[in-house]
């Protein structure tokens, strides 16, 4: 079992110049497991970053993101396992911070990533209720919506309106569509997955920017493909397995 599986497919290229000099690298990603952001199977957990943020490595960061100290409070990342044997999330958070520094991320960029993750956690706690005798849901309190808005830098009232009465185009006109409780809950989960997917895409692009040695012309590359499925081959780590990829 690989608890550190990346949960996405990737094609990694190491580029070289015509003279064989290293000319940088880049990563293409495929098939990110977005469902894991809001739902985990028994024996699994969500992406490591959520647990690292909650580890207490930086209590001021956690407080600034309006997160409490109880990981079990956050439904989107506490449906199954909360820890992994042999893994210290506080220590891993330090390594994540170190990786951001090595890749040349600005402090503001890193903070925006953490805010996006915290917003997703708060989304899972947003409560709604069905109006009596109506096919329309409405907010059941707004504290968690306020926290989401704080992390994303948006208006909480506009967020709730977009979830409960989204604006859709009908013919040539725009109208507000009513949503029942089930539809709103699906919309919240969909929004959480979409934010994580876009954040992840940006993160890959930002890493590629650092890996690009622009002063050297790229002529050749060695590529390694890593996608789900190759682990079914009973092959120990070796040149043969490397060539399979």
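In full-length UniProt numbering, the protein residues as written are 1 to 245. All residues carry an ideal CB built from backbone N, CA and C; glycine is no exception.
Pairing residue 13 with residue 165, the inter-Cα distance amounts to about 45 Å. Note that the stretch 66–86 touches the stretch 118–130; at least 3 beta-carbon pairs, one per stretch, sit closer than 8 Å. Here the alpha carbons of residue 25 and residue 209 stand approximately 9 Å from one another. Counting of Cβ neighbours within 10 angstroms places residue 19 among the exposed residues, the total staying below 16. Less than 9 Å separates the beta-carbon of residue 82 from that of residue 72.
With contacts defined as CB atoms closer than 9 Å, residue 134 and residue 178 qualify as a contacting pair.
In this structure, residue 8 sits near residue 32, with a CB-CB distance shorter than 9 Å.
Shown here, residue 128 sits in a strand according to DSSP, grouped into three states.
The beta carbon of residue 116 sits closer than 8 Å to the beta carbons of 151, 152, 195, 196 and 199 from its chain, once the five residues preceding and following it are set aside; these are given in chain order. Under the rule that a run must span 4 or more residues, the alpha helix (DSSP H) segments found entirely inside the stretch 78–133 read 89–102 and 107–123. The Cβ neighbour count for residue 169, taken over all protein chains shown within 10 Å, is under 16; the residue is labelled exposed.
In this structure, DSSP gives residue 201 a helical state, which the three-state scheme calls helix. In the three-state DSSP reduction, residue 180 falls in the coil class, being neither helix nor strand.
Between the C-alpha atoms of residue 58 and residue 176 there is a straight-line separation of about 42 Å.
Between the beta-carbon of residue 27 and that of residue 227 there is about 13 Å, and that puts the pair past the 8 Å contact cut.
Within the stretch 129–160, the runs of alpha helix (DSSP H) that reach at least 4 residues and sit entirely inside it are, in chain order, 143–152.
Note on residue 45: 16 or more other CB atoms within 10 angstroms of its CB, so buried under the neighbour-count rule.
DSSP places residue 12 in the uninterrupted beta strand (DSSP E) bounded by 9–16. For residue 148, the closest of 131, 173, 167 and 112 by C-alpha to C-alpha distance is 112. Its Cα nearest to that of residue 216, the residue 17 stands out among 3, 37 and 17.
DSSP places residue 53 in no beta strand (DSSP E) but in the uninterrupted alpha helix (DSSP H) bounded by 48–53. In the DSSP assignment, residue 225 falls outside any alpha helix (DSSP H) and within the unbroken beta strand (DSSP E) covering 220–226.
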